[in-house]
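In this note's numbering, the protein residues as written are -10 to 161.
Note that CB positions come from ideal geometry on N, CA and C, so glycine has one too.
Please read these numbers as outputs of a predicted model, since none were measured by experiment.
Some notes on the structure that comes next.
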């Protein structure tokens, strides 16, 4: 019998290909070695979610967010785990936290793609803690237009009008 230990480098791809149970021990070692690392917690949480250990995965993702509360990468990863567990409301809460930070606009398209994957109607997205800021509003309007989602763009435009976020540059 051959005994071997996965390296963290090997564990990441294995955890994403349906063999998470093989990677979980390595991620547990990673958490023990650096319990303050949000990435260690997120790696373990994603592997546990892949293994359908959803309660443990949720605990790990909450630990990841507690360790990295302002990290858009961690918030996105936590949202994806919640989404895979069917917790759309929890996922939307994490996604709205990303949208509240105008310094991470590069993550906004990924947030909007996640909303689309969730199949959440635009009206529900806007009603669920969507930040009433011009940055987030303009970003989702542009995204809707580029994706040729005319009804979504119209809904966003009306939402922006209701929040006094429209401007002449957007109308052009």
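For residue i, which residues in the same chain have their Cβ closer than 7 Å to its Cβ, ignoring the five residues on either side in sequence?
i: residue 101; result: 129 and 132
i: residue 0; result: Note that residue 0 scores a pLDDT of 46, beneath 50, so its modelled location is shaky; the value from the coordinates is reported in the next line. 12, 15 and 16, listed in sequence order.
Between residue i and residue j, how many whole angstroms is the CB-CB distance? I'm expecting something under 8 Å.
i: residue 80; j: residue 71; result: 4 Å
i: residue 56; j: residue 27; result: 4 Å
i: residue 119; j: residue 85; result: 6 Å
i: residue 9; j: residue 40; result: 4 Å
i: residue 124; j: residue 149; result: Contact flag wrong, Cβ pair sits at about 12 Å.
i: residue 63; j: residue 31; result: 6 Å
i: residue 111; j: residue 144; result: 5 Å
According to DSSP, is residue i helix, strand or coil?
i: residue 24; result: coil
i: residue 154; result: coil
i: residue 140; result: helix
i: residue -7; result: Note on residue -7: pLDDT 32, under 50, position unreliable in the model; the coordinate value appears next. Looking at residue -7 - three-state DSSP - the assignment turns out to be coil, as it is neither helix nor strand.
i: residue 117; result: coil
i: residue 76; result: coil
i: residue 109; result: coil
i: residue 18; result: helix
i: residue 90; result: coil
i: residue 85; result: helix
i: residue 123; result: helix
i: residue 102; result: helix
Please work out which residues of its chain come closer than 6 Å, Cβ to Cβ, to residue i, disregarding the five sequence neighbours upstream and downstream, and give them in chain order.
i: residue -5; result: Note that residue -5 scores 40 on pLDDT, short of 50, meaning its location in the model is unreliable; the coordinates nonetheless yield the value given after this. Taken in chain order, the residues that qualify are 15.
i: residue 97; result: 128
i: residue 104; result: 114
i: residue 91; result: 124
i: residue 77; result: 107
Any heavy atom of the ligand COA inside 7 Å of the beta-carbon of residue i?
i: residue 69; result: This structure lacks the ligand COA; in fact it carries no ligand of any kind.
Rank the options by C-alpha distance to the C-alpha of residue i and give the top, closest one.
i: residue 50; options: 44, 39 and 34; result: 34
i: residue 61; options: 94, 110, 44 and 136; result: 94
Here's a check: name, in chain order, each residue in its chain whose Cβ is nearer than 8 Å to the Cβ of residue i, leaving out the five neighbours to either side.
i: residue 22; result: 29
i: residue 142; result: 130, 133 and 134
i: residue 25; result: 56
- Report the residue ranges of all beta strand (DSSP E) runs contained in full by the region 34 to 64; include only those spanning at least 3 residues, in chain order. none
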